[in-house]
Amino acid sequence: MFLVKLGGSVITVKSRYRYYRPKAVQEIIRELKRKGEPFALVHGGGSFGHIKAKEYGIPGEITEKRKVGYSVIHRDMVDLNQRIVNSLIDSGINGVGMPPSVFNGNLEKISQSMIDHMEAGLSPISFGDVYINSQESRFEIVSGDDLMLSLAEKIRPSEVYFLTDVDGIYDKNPKKHRDAVLLKELSDSATYEHVGTDVTGGMLKKANTVKDIAKLGATVYVLNGNVPSRLNEAGSKDFIGTVVK
Ligand code: ATP
Ligand code: IP8
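So for the sequence shown, the numbering used here puts the first residue at 1202; every next one is plus one.
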């Protein structure tokens, strides 16, 4: 049993609103299937989530403008989720989309429902989403990385995979610095640059989440989702990516 986060940078083009990358998703699913074990998936928002979240100022207090934003972002995220569910079903996997907003972003409840689905032989796929914080009259965002941590706490998987559009975690942003070095293991001196429209914390948040999941006893692999064959090389000496134990 393993967990996978499909990064928004792989499944969408982050700078182009609602630009989906179906072939990238299909190729990842093919490799996941080859592993031959049950799995749960989480995906990020990419350009279906972050662009409108920034435009409408979500997270934030409930206002008329943000109500429009909430509705649009949730619609777009469910749309992205269902495109991936379609690819899973077309590949013979019993994928089931699970929107966190229906659980008011309660990580414990979402994770439990995902576990129930896995126990019934299904492959749940949840995602970063908007949700209502009714006590504080706010609209919030739960990130896919938060969900991954919560799920790992409950499921205690032996292996967890984070797929992004770069080879792993570098000592600095490889898209800005040509001399960036890929870290085979995490180092505390690494620096992280924020992607323009990202409202949830980017690679810095991911690096911290990865460390927290590894502390639970899992081996965490951060790898390039555009080269999904690496999913099946994890654990070998030829693996290209960052490994955190
Ligand atoms: P989403 O949150 O939408 O799911 P994601 O999980 O795909 O996105 P991002 O938050 O986009 O991941 O993080 C990947 C990006 O982080 C890379 O495209 C890279 O430019 C940037 N980045 C910044 N600093 C670093 C670093 N030190 N190492 C690796 N990537 C970095
Ligand atoms: O991309 C955020 O999830 P993430 C989702 O995993 C939204 O951080 C709605 C912006």
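We put the beta carbon where it would ideally sit given N, CA and C, even for glycine. From a predicted model like this one, the values you see are computed outputs, not experimental measurements.
Which of helix, strand or coil DSSP assigns to residue i
i     : result
M1299 : strand
G1261 : strand
K1438 : coil
V1243 : strand
V1214 : coil
P1358 : coil
S1288 : helix
S1335 : coil
Y1221 : strand
E1341 : strand
L1323 : coil
K1446 : coil
Cβ-heavy atom distance, residue i to the ligand IP8, below 7 Å
i     : result
S1344 : yes
D1330 : yes
L1245 : Looking at the sequence shown, residue 1245 is not Leu but Gly. Flag set: Cβ of G1245 near the ligand IP8.
I1274 : yes
M1299 : no
Residue i CB to nearest heavy atom of the ligand ATP below 7 Å
i     : result
E1386 : no
G1442 : no
Residue j beta carbon less than 8 Å from that of residue i
i     : j     : result
K1215 : H1251 : yes
M1349 : V1243 : yes
L1364 : I1230 : no
T1264 : E1360 : no
D1366 : N1425 : yes
K1236 : N1433 : yes
N1202 : F1240 : The sequence as given places Met at residue 1202; Asn does not occur at that position. Taking 8 Å as the Cβ cut-off, M1202 and F1240 qualify as a contacting pair.
D1346 : L1308 : no
Entirely enclosed alpha helix (DSSP H) segments - the stretch 1367-1428, minimum 4 residues: 1403-1416
Quick check: the stretch 1380-1389 against the stretch 1319-1333, are at least 3 beta-carbon pairs closer than 8 Å? no
Okay, do the stretch 1299-1311 and the stretch 1214-1232 touch, 3+ Cβ pairs below 8 Å being the bar? no
Inter-stretch contact (C-beta, 8 Å, three-pair minimum) for the stretch 1308-1322 and the stretch 1257-1275: no
Counting pairs of Cβ atoms below 8 Å between the stretch 1425-1445 and the stretch 1372-1382, do you hit three or more? no
Taking contact to mean 3 or more Cβ pairs, one atom from each stretch, closer than 8 Å, check whether the stretch 1351-1361 and the stretch 1405-1421 are in contact. yes
Do three or more CB pairs link the stretch 1329-1343 to the stretch 1244-1263 at distances below 8 Å? yes
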